[in-house]
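For the sequence shown, the working numbering begins at 13 and goes up steadily by one.
Cβ coordinates follow ideal geometry from the N, Cα and C atoms, glycine included.
What follows is a short report on a single structure.
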Amino acid sequence: MAGSSVSGGGRPPLFATEKPKRVLAYRLYAGTIFAGILLIWFYRATHIPERGDSSLGWRAGLGLLVAELLFGLYWVLTLSVRWNPVRRTTFKDRLSERYDDDQLPGVDIFVCTADPALEPPMLVISTVLSVMAYDYPPEKLNIYLSDDAGSAVTFYALHEASEFAKHWIPFCKNYKVEPMSPAAYFAEGATPHDACSPQELLRMKELYKDLTDRVNSVVHSGKIPEVPECNHRGFSVWNETITSGDHPSIVQILIDRNKRKAVDVDGNALPKLVYMAREKRPQEQHHFKAGSLNALIRVSSVISSSPVILNVDCDMYSNNSESIRDALCFFLDEEQGQDIGFVQYPQNFDNVVHNDIYGNPINVVNELDNTCLDGWGGMCYYGTGCFHRRETLSGQIYSKDYKEDWARGVGIAENADELEETSKSLVTCTYEHNTPWGIEKGVRYGCPLEDVITGLQIQCRGWRSVYYNPARKGFLGMAPTSLGQILVQHKRWSEGFLQISLSNYSPFLLGHGKIKLGLQMGYSVCGFWALNSFPTFYYVIIPSLCFLSGVSVFPEITSPWCIPFIYVVAASYSWSLMESLQCGDTAVEWWNAQRMWLMRRTTSYLLAAIDTIGGMLGVSESGFELTVKVDESQALERYKKGKMEFGPISGMFVIITTIALFNLVCLVLGLGRVVLREGAAGLGPLFLQAVLCVAIVVINAPVYEALFIRRDSGSLPYFVTLVSLCFVSSLCLQAI
Numbered sequence: 013m014a015g016s017s018v019s020g021g022g023r024p025p026l027f028a029t030e031k032p033k034r035v036l037a038y039r040l041y042a043g044t045i046f047a048g049i050l051l052i053w054f055y056r057a058t059h060i061p062e063r064g065d066s067s068l069g070w071r072a073g074l075g076l077l078v079a080e081l082l083f084g085l086y087w088v089l090t091l092s093v094r095w096n097p098v099r100r101t102t103f104k105d106r107l108s109e110r111y112d113d114d115q116l117p118g119v120d121i122f123v124c125t126a127d128p129a130l131e132p133p134m135l136v137i138s139t140v141l142s143v144m145a146y147d148y149p150p151e152k153l154n155i156y157l158s159d160d161a162g163s164a165v166t167f168y169a170l171h172e173a174s175e176f177a178k179h180w181i182p183f184c185k186n187y188k189v190e191p192m193s194p195a196a197y198f199a200e201g202a203t204p205h206d207a208c209s210p211q212e213l214l215r216m217k218e219l220y221k222d223l224t225d226r227v228n229s230v231v232h233s234g235k236i237p238e239v240p241e242c243n244h245r246g247f248s249v250w251n252e253t254i255t256s257g258d259h260p261s262i263v264q265i266l267i268d269r270n271k272r273k274a275v276d277v278d279g280n281a282l283p284k285l286v287y288m289a290r291e292k293r294p295q296e297q298h299h300f301k302a303g304s305l306n307a308l309i310r311v312s313s314v315i316s317s318s319p320v321i322l323n324v325d326c327d328m329y330s331n332n333s334e335s336i337r338d339a340l341c342f343f344l345d346e347e348q349g350q351d352i353g354f355v356q357y358p359q360n361f362d363n364v365v366h367n368d369i370y371g372n373p374i375n376v377v378n379e380l381d382n383t384c385l386d387g388w389g390g391m392c393y394y395g396t397g398c399f400h401r402r403e404t405l406s407g408q409i410y411s412k413d414y415k416e417d418w419a420r421g422v423g424i425a426e427n428a429d430e431l432e433e434t435s436k437s438l439v440t441c442t443y444e445h446n447t448p449w450g451i452e453k454g455v456r457y458g459c460p461l462e463d464v465i466t467g468l469q470i471q472c473r474g475w476r477s478v479y480y481n482p483a484r485k486g487f488l489g490m491a492p493t494s495l496g497q498i499l500v501q502h503k504r505w506s507e508g509f510l511q512i513s514l515s516n517y518s519p520f521l522l523g524h525g526k527i528k529l530g531l532q533m534g535y536s537v538c539g540f541w542a543l544n545s546f547p548t549f550y551y552v553i554i555p556s557l558c559f560l561s562g563v564s565v566f567p568e569i570t571s572p573w574c575i576p577f578i579y580v581v582a583a584s585y586s587w588s589l590m591e592s593l594q595c596g597d598t599a600v601e602w603w604n605a606q607r608m609w610l611m612r613r614t615t616s617y618l619l620a621a622i623d624t625i626g627g628m629l630g631v632s633e634s635g636f637e638l639t640v641k642v643d644e645s646q647a648l649e650r651y652k653k654g655k656m657e658f659g660p661i662s663g664m665f666v667i668i669t670t671i672a673l674f675n676l677v678c679l680v681l682g683l684g685r686v687v688l689r690e691g692a693a694g695l696g697p698l699f700l701q702a703v704l705c706v707a708i709v710v711i712n713a714p715v716y717e718a719l720f721i722r723r724d725s726g727s728l729p730y731f732v733t734l735v736s737l738c739f740v741s742s743l744c745l746q747a748i
């Protein structure tokens with residue numbers, strides 16, 4: 013175990029690092045897979061059909077050689093996320109022994125929201141309340157909400173939450189409540205703790221219900237009530253001219269520990285709470301979430317200037333009251349933590365059902381992929397659930413003589429009115445003009461995945477990042493629960509990754525000589541998601557088309573060359589299933605994940621690749637799409653029953669339906685042709701193609717259900733079916 017020994021000066025470490033024992037088994041398995049891949053490449057290179065034998069066979073063989081070459085090279089990249097895993101353990105008891113509460117650093121927490129229609133205010137303030145209730149000295153906590161819509165409704169919700177916090181925070185701390193989000197806590201069917209009476213729990217539940225009713229009433233009416241409680245001076249900022257895309261800078265300190273002292277019902281201090289809406293004008297670029305985070309960095313630098321920053325998405329609430337102390341075990345370790353720039357927690361979801369039809373559980377990613385990136389010294393920045401040193405977000409380059417000032421910001425006690433006015437000037441829409449913000453300072457602009465490229469830049473400046481996955485999940489959020497949401501989300505991600513990989517910020521270019529090769533490869537696993545869609549799309553169309561035509565493109569079942577094909581596929585999927593089961597998934601969830609892997613590659617990733625390449629050629633330009641986080645009740649019920657949600661017409665659904673129908677037609681007509689003309693013996697040369705065709709048909713069972721059986725609003729529209737049939741007919745004509 014690395015890091016478990018006593019550190020310099022006789023002080024035991026605050027965290028330990030160990031390597032799992034199963035690494036050797038994986039490396040042996042990977043060696044056999046690589047041997048199989050080499051044999052497949054050799055077979056393809058030496059068995060391309062003669063051009064005169066069959067035009068389709070020659071073209072298909074040449075295309076499969078390229079596809080399998082690309083598959084193999086991509087597989088080599090994936091070795092990086094299995095080769096060098098590490099596990100982290102923190103020692104919070106040692107942290108408490110070494111640092112009193114008044115010696116702990118301040119922490120600024122950023123929560124971002126962009127649209128009250130897509131991100132309901134009650135969702136937002138539940139996240140805010142969850143991070144206000146950390147088991148951490150409240151005078152060291154500063155919570156900032158960035159509202160890019162500049163919505164009076166969101167401000168009203170936060171104002172009401174600031175009053176509710178006076179009851180909720182002591183309730184959480186007195187009874188050790190987890191999760192600290194009231195929405196999640198009461199949704200779980202909260203029961204009284206030993207020290208909490210049923211009356212106390214009921215009182216808190218009623219307070220939260222009153223809060224919910226008031227906020228939702230304002231959300232539905234769009235009007236702030238004219239009652240004394242809403243005479244807070246902050247409401248005077250809003251008027252009829254303010255819109256989500258055109259409003260001035262707004263900074264309001266709702267809970268202030270100085271002039272506007274605030275305590276909870278037990279008389280204890282409350283965390284500082286700040287509302288911010290940066291100025292937005294139609295003619296000015298606002299850079300979406302990246303611009304919002306950079307504005308928060310500047311505002312917090314004058315209001316609190318804590319050395320540690322945590323940022324969370326508005327739908328990613330805190331589920332572990334000790335997350336801050338866990339993160340500090342990494343930063344404050346005298347021997348091992350000096351160069352740690354950020355600590356990334358995994359993404360987990362609380363709305364995913366058992367045997368999720370969309371394969372949303374990402375246990376394998378959290379338990380295996382991310383631990384290997386950590387092993388290379390550079391877990392990527394997810395954009396949420398991440399603790400940063402403030403200096404890393406300010407463009408600081410790490411050097412061995414760097415010393416962190418952990419006491420910074422603690423003594424700030426300026427007048428709140430003055431702080432608000434100063435802060436407003438830092439978030440005007442022209443403030444960043446001709447400055448390094450968004451380039452060398454703060455969160456990077458110019459890419460849909462601003463978080464990933466920002467983390468990569470930090471690592472290239474010499475900082476190390478670590479990944480921490482505690483037994484009790486640090487943060488829980490909302491996973492998309494419809495197919496359309498998932499595909500749009502993955503299109504944006506894969507497009508952003510590909511843009512990075514094909515730019516000067518490619519991990520292989522930017523990271524050359526600065527980060528380890530394994531980490532460069534790890535970034536590129538996601539970076540080339542989109543390009544890997546081309547061989548995948550080829551593989552689900554051409555072998556089936558050849559099967560329909562009676563053209564063999566794989567070795568005959570009796571040939572020894574069949575062995576590497578069968579072994580690579582069988583061993584890869586068997587190992588994948590074993591990993592999934594070991595990480596806590598069910599076999600059904602693993603199977604559903606394979607289906608989603610296919611659907612994403614043939615839709616989201618394919619369109620992302622086309623869009624990105626087209627953009628580079630000046631044909632098209634990528635746009636940012638906000639993933640909808642509000643679920644329609646009937647769609648949610650279908651999701652809970654394991655039914656895929658298709659619904660509105662989409663080009664992605666046309667692709668999915670075309671692939672499903674085409675392979676079904678090829679299977680039925682291809683088998684019929686073989687049996688009628690040659691009998692069962694004629695299947696020998698086409699056996700592997702038949703198996704591939706069957707696999708594609710079986711994995712698309714939910715598509716056939718949505719086509720032929722279901723009649724609800726989540727089934728496939730008739731127009732999608734009609735267009736897909738036209739494409740299928742055109743493809744089948746190629747086999748004639």
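query                                                                                                                                     : result
Cα-Cα separation between Leu77 and Ala605, rounded to whole angstroms                                                                     : 27 angstroms
Backbone CA spacing between Ser742 and Arg722 [nearest angstrom]                                                                          : 27 angstroms
Coarse secondary structure for Tyr146, derived from DSSP in three states                                                                  : coil
Distance, Ser406 Cα to Ser317 Cα                                                                                                          : 12 angstroms
Assigned secondary structure, Phe27 (DSSP; H/G/I helix, E/B strand, else coil)                                                            : strand
For Leu266, three-class secondary structure by DSSP                                                                                       : strand
Supposed contact pair Gly48 and Pro61 - C-beta distance, whole angstroms, cut 8 angstroms                                                 : About 22 angstroms separates the two Cβ atoms, so there is no contact after all.
Under the three-state DSSP convention, the category Trp602 falls into                                                                     : helix
Length at least 4, wholly inside the segment 450-483: the alpha helix (DSSP H) runs in chain order                                        : 462-472
For Leu700, the nearest candidate out of Val35, Pro555, Phe343 and Val677 (CA to CA)                                                      : Pro555
Reduced DSSP secondary structure (H/G/I, E/B, other) of Thr125                                                                            : strand
Given 8 angstroms, three or more beta-carbon pairs between the segment 465-477 and the segment 347-357                                    : yes
Where the beta strand (DSSP E) containing Phe103 begins and where it ends                                                                 : First-last for Phe103: undefined, no H or E at that position.
CB of Val552 within 8 angstroms of CB of Ile708, strictly                                                                                 : yes
Boundaries (first-last residue) of the alpha helix (DSSP H) holding Cys744                                                                : Tyr730 to Leu745
Asn382 - DSSP class collapsed to helix/strand/coil                                                                                        : helix
Contacts around Gly635, its chain only, beta-carbon distance under 8 angstroms, and the 5 residues preceding and following it disregarded : With a pLDDT of 47 at Gly635, under the threshold of 50, the modelled position of that residue is not reliable, and the figure given next carries that caveat. Cβ neighbours of Gly635 beyond the five flanking positions: none.
Closest Cα partner of Tyr86 within the set Arg39, Gly539 and Ile578                                                                       : Gly539
Where the alpha helix (DSSP H) containing Ile155 begins and where it ends                                                                 : Counting along the chain, Ile155 falls outside any alpha helix (DSSP H), though it belongs to the beta strand (DSSP E) covering Leu153 to Asp159.
Entirely enclosed beta strand (DSSP E) segments - the segment 42-113, minimum 3 residues                                                  : 99-102
DSSP bridge partner residues for Gln356 (one or two, in chain order)                                                                      : Cys398 and Tyr479
Buried or exposed (CB count within 10 angstroms, at least 16 for buried), Ser193                                                          : buried
Inter-residue spacing [alpha-carbon to alpha-carbon] between Asn516 and Glu80                                                             : 28 angstroms
DSSP three-state assignment for Tyr535, whether helix, strand or coil                                                                     : helix
Under 8 angstroms between C-beta atoms of His299 and Gly450                                                                               : yes
Environment of Glu637 [buried if 16+ CB atoms lie within 10 Å]                                                                            : Because the pLDDT at Glu637 is just 48, under 50, the model does not fix this residue reliably, and the value given afterwards should be weighed accordingly. Glu637 should be labelled exposed.
Contact belief for Pro128 with Leu380 at Cβ below 8 angstroms, rounded distance in angstroms                                              : 38 angstroms between Cβ atoms; not a contact.
Cut-off 7 angstroms between Cβ atoms - residues of its own chain near Val640, not counting five sequence neighbours on either side        : With a pLDDT of 44 at Val640, under the threshold of 50, the modelled position of that residue is not reliable, and the figure given next carries that caveat. Hits under 7 angstroms: Leu130 and Gln497.
Range covered by the beta strand (DSSP E) that runs through Ala289                                                                        : Lys284 to Ala289
Which of helix, strand or coil DSSP assigns to Phe658                                                                                     : coil
8 angstroms Cβ cutoff met for Val376 and Glu591                                                                                           : yes
Exposed unless 16 or more other CB atoms sit within 10 angstroms - verdict on Ile711                                                      : buried
Residue range of the beta strand (DSSP E) that includes Val320                                                                            : Val320 to Asp325
Three-way DSSP call (helix, strand, coil) for Gly691 in this model                                                                        : coil
Residue(s) in a DSSP beta bridge with Leu488                                                                                              : Tyr329
Rounded straight-line distance, which links the Cα of Phe559 to that of Val687                                                            : 13 angstroms
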